[in-house]
Structure formats: C-alpha cells, structure tokens
Amino acid sequence: MLQLQIIRENKDSILKALKKRNIDAEPVVNAVLDLDEKRRSIQAKLDATLAESNKLSKEIGSLFKSGKAEEANALKSKTADLKEASKQMGEDLNLAIEALQNQLYQIPNIPHESVPSGNTDEDNEEVSREGDVPVLDDKALPHWELAKKYDIIDFELGAKITGAGFPVYKGKGAKLQRALISYFLDKNTEAGYAEVQPPLMINEASGYGTGQLPDKEGQMYHVQADDLYLIPTAEVPITNLHRGDLLSMKDFPITYTGYTPCFRREAGSYGAHVRGLNRLHQFDKVEIVRIEHPNNSYQALDDMVEHVKTILRELKLPYRILRLCGGDLGFTSALTYDFEVFSTAQDRWLEISSVSNFETYQANRLKLRFKDENGKSQLAHTLNGSSLALPRVLAGILENYQTPDGIKIPEVLVPYCGFEEIN
RNA sequence: GGAGGAAUGGCAGAGUGGUCGAAUGCGGCAGUCUUGAAAACUGUUGAGGGUCACACCUCCGGGGGUUCGAAUCCCUCUUCCUCCGCCA
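Residue numbers for the first sequence follow this note's numbering, so the first one is 20 and each next one is one higher.
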C-alpha cells in the first residue's frame with residue numbers, strides 16, 4: 020500500500036508512473052485525497068471535543084478532591100452533550116478511515132523507473148540469457164510423457180485423490196523432488212539465508228500484510244470453518260514473521276529461506292499451456308525473503324538475481340532473465356525479474372523464478388519499520404524470490420536431460436539423489 | 001474439550017478509578033573519562049495522528065460497556081502459560 024503522505028505530496032508523478040501499468044489511477048487517487056481530507060477534518064473536530072471533555076473531567080476531579088461536590092456534579096451534566104457528539108464523530112471517523120483504506124488497497128505499487136512500459140508478457144525486456152539449449156532427437160518427449168514412461172509422476176492418480184493439478188510423485192520422481200528441495204535449501208543457507216519452516220495456512224491479517232488480500236482473494240484456497248487460507252507462496256508467512264516489528268539498523272539485512280508447498284486455485288486456467296507440471300494447484304517451492312534498509316534494497320535485489328543464476332548454472336539449465344513490463348508487473352511489486360528455463364521438448368520458456376522488490380508497499384501494510392540513524396522510524400523494504408519453483412525445474416530437467424535411454428540427473432544433484440539416471 | 005492464571009514501551013517488569021503515556025532495570029543514543037576500547041558516571045530515549053511550529057488527540061492484546069474520568073472495574077474475543085482429558 021502506498022503511503023498517504025507520498026500520495027499527498029507526489030500525486031502527479033505517481034499518476035504518471037502508474038501509467039506504465041496501463042491504468043488511469045486518477046479517479047482512485049482523487050478519491051483517496053478526498054477521503055483523507057475528510058478524515059482529517061472529522062479527526063480535528065473529534066479531537067477538539069475530546070480535549071474539552073478531558074478538561075472538564077479534570078476539573079470535576081479536582082473539585083471532588085477539594086470537597087466541592089456540588090459544583091462537581093453541576094459540571095457533570097455539561098459532559099453529556101460532548102459525549103454524545105464525540106460518539107457520533109467517532110463512528111463517522113471509522114467510516115472515513117475504512118473508506119480510505121478500501122481505496123488505498125486499490126492502488127498498486129509504483130513501478131521502478133527501470134520498468135519498461137508494455138501491456139503483456141510479450142513486452143517484457145530480456146536482460147540476459149545463458150546456457151546451451153541441448154539438441155534433442157526427434158523422439159524427444161514432453162515431460163508429461165516422460166513422467167508416464169518412467170512412472171515417476173502420476174497425474175491421473177492425483178486427480179482421483181484430489182483433483183486435477185495435484186500430481187502424485189513416485190519413486191525416483193519423488194526422490195528427485197526431495198533432492199532438489201535439499202539442494203536449493205543448502206545453496207540458500209550457504210549464501211546466508213536462515214532456514215525457516217513456516218505455517219502453511221495464514222490468517223486474514225497476514226494475507227493483507229503481503230498484499231494477497233483483498234486483491235487476490237480468489238486465488239487462494241480458503242478454509243472456511245477456521246477462516247484461514249492455504250498459502251499461495253512461502254512469501255506470505257515468511258514476510259509476515261516481521262509484521263508489526265520496529266527494527267533497528269543493525270538488524271539488517273534480514274534474510275530467510277524456506278521450503279513449502281504452495282496452493283493456488285488458478286481458476287479459469289485450462290489448455291495445453293497448463294499441461295503436466297506447467298501449472299498446478301499444489302506445488303513445491305523454495306523461497307528466499309529479505310528485509311532491507313531502503314538504501315540497500317536494489318543491491319539486495321541484484322544479489323538475489325545473482326544467487327538464482329548460480330543455481331541455474333550449476334544445474335546447467337538454459338535460462339533467460341526478463342525485466343517485467345508495467346502491464347505484467349505484479350500488483351505489489353516495484354520491480355520484478357522473472358527467470359525462465361527453456362524447455363526444449365515443449366519448445367517454450369517456463370517461468371521458474373520471480374524475484375521482486377516491493378520497496379515499502381508491503382512494509383506499509385505490515386507496519387514493518389526500523390529506526391533510522393536519526394532515531395526516526397521509517398518503513399523497511401521487503402523483497403522475495405523463488406529459488407526455485409520445483410515443478411518447472413523438474414520439467415526442465417526431465418525434458419532437457421532426456422536421452423533415448425533415460426533421464427540423466429544433473430551432476431550437482433547426484434549426491435542428493437543417490438542415482439545418476441532415471442530409466 | 002474442561003479448570004485456573006496471564007497479556008503493559010525495543011526487551012524485562014512495576015502499576016487496581018483522577019497530573020499514568022505509564023516507576024525501575026536492560027538495551028539504544030549523546031556526553032564525561034581514556035591513546036583507543038571496556039568499565040564507571042551524567043544526560044537523553046515509546047508509537048501514531050495533527051500543526052509551518054506549538055497546542056491538542058489516540059494508543060497499556062482486539063472489540064464493546066460502566067463512569068464526569070479506565071492500564072486499573074464489567075462483558076466478549078484472541079493469544080500464551082499451568083493442570084486435567086484426548087491424541088500424531
């Protein structure tokens with residue numbers, strides 16, 4: 020959520036920046052400014068009334084103390100009107116605050132200046148590309164065929180147990196998945212990220228904190244009986260670890276990594292592009308999260324990008340990095356780099372990581388602040404990235420490492436797997 | 001699930017109806033001392049709103065109530081602790 024003060028002071032530049040997202044934010048920004056004005060005016064009146072009432076109370080108190088009960092009782096009657104008025108104003112104030120909040124929730128983050136303009140994923144800017152795309156023979160199969168051939172992932176079985184998009188990993192497929200999780204976590208902890216295992220369900224406050232609510236309510240599974248949501252990503256519980264915190268400078272940087280399953284309803288997604296592992300309702304992901312001083316957050320973002328690169332290099336998967344354009348940028352993000360692995364057998368790029376700086380957008384909702392060098396509290400910056408999303412890495416490995424005789428295991432994973440080939 | 005207890009500033013911890021936004025300790029910051037550091041000593045230090053700046057207002061887990069006045073009394077919810085039951 021954008022900071023009110025910044026909206027007040029920079030309306031024009033905010034509107035201009037939001038145009039990169041192809042939205043005209045003027046109506047909502049105007050509504051925010053009006054409601055803010057309204058809120059302050061109600062607040063001022065309420066404060067004056069309360070001040071008067073406080074003053075009377077003190078007088079009454081001192082009159083009682085000095086034994087002038089009669090005068091005190093006379094004053095009491097004067098407070099009734101004030102009380103009634105302040106009650107009404109309090110209700111008006113709450114309504115104004117709520118309305119203001121609702122409008123603020125509708126304004127997305129301001130794109131970073133480096134974000135290219137554009138509407139769709141086709142307008143994303145490729146910033147680098149690395150790795151060799153293997154040359155496969157004509158009999159190369161997409162991963163869902165390979166999964167069946169070697170009996171390592173069973174989509175139908177998962178559909179029986181739960182539904183489409185909930186695969187069952189079997190045998191070496193399950194082991195490979197576990198190997199990847201361990202490998203990712205090891206890489207991340209070696210790089211200094213502290214490992215955590217957060218809850219897989221979150222409450223409403225956490226959902227609002229990182230911005231999944233109210234914006235993406237329909238994308239999360241909601242457990243009605245307890246009013247909890249299944250996490251769509253570890254970003255939510257891990258970033259919320261510090262909701263409400265007032266940090267000191269020496270706490271920075273705060274860095275975490277965590278493995279969790281992720282649950283996404285993905286309502287309305289069908290067709291060839293969501294086949295196999297390409298898009299699931301439940302999938303595994305290892306996440307990295309950082310909380311940073313504002314001056315350092317873009318350096319941190321670069322560090323995260325570099326870190327993910329080293330993993331993909333070790334896995335020897337061909338990848339490219341995209342800087343998301345305004346139209347494709349997530350609601351809460353200021354700058355996002357997507358990593359995509361080239362799947363030879365499908366002849367397409369698969370998104371396997373998304374690394375973002377949210378600047379103060381989430382921190383504002385989280386009330387995640389720190390004391391700066393002047394002793395002032397200000398909002399921290401939050402960042403996160405996948406390192407990595409398992410299914411598409413798995414798809415990439417299966418497809419790119421296939422041979423007529425079986426699927427080779429990337430060298431770095433062999434110690435984790437305990438075998439060199441799936442056949 | 002049942003019975004009790006608790007929730008206070010960055011942390012610990014006093015405070016049971018009227019200058020309490022809140023003692024004290026730790027921590028933080030500034031200074032004295034020191035070649036430097038530590039120790040010691042002195043001062044300072046909650047958050048948010050509001051204002052050009054003051055004033056002023058709000059906040060003692062959340063919500064509601066009693067009262068002229070609530071951290072303090074009542075109701076309710078949440079969370080934590082102890083005991084009992086159940087259980088991976």
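By construction, the Cβ of each residue, glycine as well, lies at the ideal position given by its N, Cα and C atoms.
What does DSSP give as the partner residues of residue i in its beta bridges?
i, result
"W368", "F361"
"P233", "Answer is none; P233 lacks a bridge partner."
"G425", "T422"
"L249", "M220"
"P280", "D303"
"K194", "Note: K194 sits in no beta bridge, so no partner."
"H400", "E311"
"D66", "Looking at the DSSP assignment, D66 forms no beta bridge with any residue, so it has no partner."
"E440", "K427"
"K390", "S267 and S396"
"H241", "Y248"
"A213", "Y275"
"N376", "L354 and L402"
"D173", "V187"
Let me make sure I understand the geometry here. Which of the options has the alpha-carbon closest to that of residue i?
i, options, result
"S362", "C281, K74 and Y420", "Y420"
"V187", "K395, I441, E325 and W163", "W163"
"A115", "N143, T68 and A50", "A50"
"L119", "A93, A253 and L54", "L54"
"D454", "S81, E236 and L417", "The structure shown does not extend to residue 454, since the chain is modelled only from 20 through 442, so no value can be given for it."
"R294", "F174, L155, G425 and V48", "F174"
"L204", "V215, Y356 and L195", "V215"
"S133", "L343, D157 and G437", "L343"
"A414", "G182, A364, G394 and K304", "A364"
"E448", "K335, D366 and P313", "Here the chain covers residues 20 to 442 and nothing more, so residue 448 does not appear."
"H300", "Q238, K106, M20 and D270", "Q238"
"E209", "A244, I221, T276 and F185", "T276"
"P272", "N315, R298 and I330", "N315"
"G182", "Y380, E285 and Y202", "E285"
"C281", "L165, Y240 and Y317", "Y240"
"G437", "Y202, N383 and R59", "Y202"
"P46", "W368, D31 and L417", "D31"
"I330", "L417, G150 and P217", "G150"
Considering only residues of the same chain and omitting the five flanking positions on each side of residue i, which have a CB-CB separation below 8 Å?
i, result
"S76", "T98"
"L265", "R388, F389, K390 and S396"
"D424", "E440 and N442"
"A193", "I171"
"K158", "P423"
"Q196", "Y188, D303, L409 and L413"
Quick one, are the C-beta atoms of residue i and residue j less than 9 Å apart?
i, j, result
"I61", "M108", "yes"
"R27", "G345", "no"
"N128", "T351", "yes"
"I42", "I33", "no"
"L219", "L176", "no"
"L160", "K168", "yes"
"K206", "S405", "no"
"R148", "R332", "no"
"D347", "N138", "yes"
"V446", "I126", "The question about residue 446 has no answer here: the residues shown for the chain are numbered 20 through 442."
"L336", "V431", "no"
"L112", "L65", "yes"
"L232", "V412", "no"
"K328", "A253", "no"
"A178", "F302", "no"
"G263", "L385", "yes"
"A91", "L82", "yes"
Looking only at its chain, what residues have a beta carbon closer than 7 Å to the beta carbon of residue i, apart from the 5 residues adjacent to it on each side?
i, result
"G349", "T355 and S375"
"D170", "K189 and G190"
"E89", "none"
"E78", "L94"
"A36", "I129 and P130"
"V152", "P337, F361 and T363"
"R283", "Q238, P251 and H300"
"E223", "L232 and D246"
"Y212", "T274, Y275, T276 and I307"
Grab me the residues of residue i's own chain with a C-beta within less than 6 Å of its C-beta, minus the 5 sequence neighbours each way, in chain order.
i, result
"D140", "D347"
"G80", "none"
"E439", "I428 and V433"
"E370", "D357 and E359"
"G184", "L299 and H300"
"L21", "I126"
Less than 8 Å between the CB of residue i and some heavy atom of the ligand MN, yes or no?
i, result
"P233", "The ligand MN is absent from the structure shown, which contains no ligands of any kind."
Discussion item. Would the stretch 308-318 count as touching the stretch 253-271 if we require 3 or more Cβ pairs under 8 Å?
Written reply: yes
If contact is defined by three or more beta carbon pairs under 8 Å, each pair taking one atom from either stretch, is the stretch 138-155 in contact with the stretch 396-411?
no
Between the stretch 364-381 and the stretch 316-331, can you find at least three pairs of beta-carbon atoms closer than 8 Å?
yes
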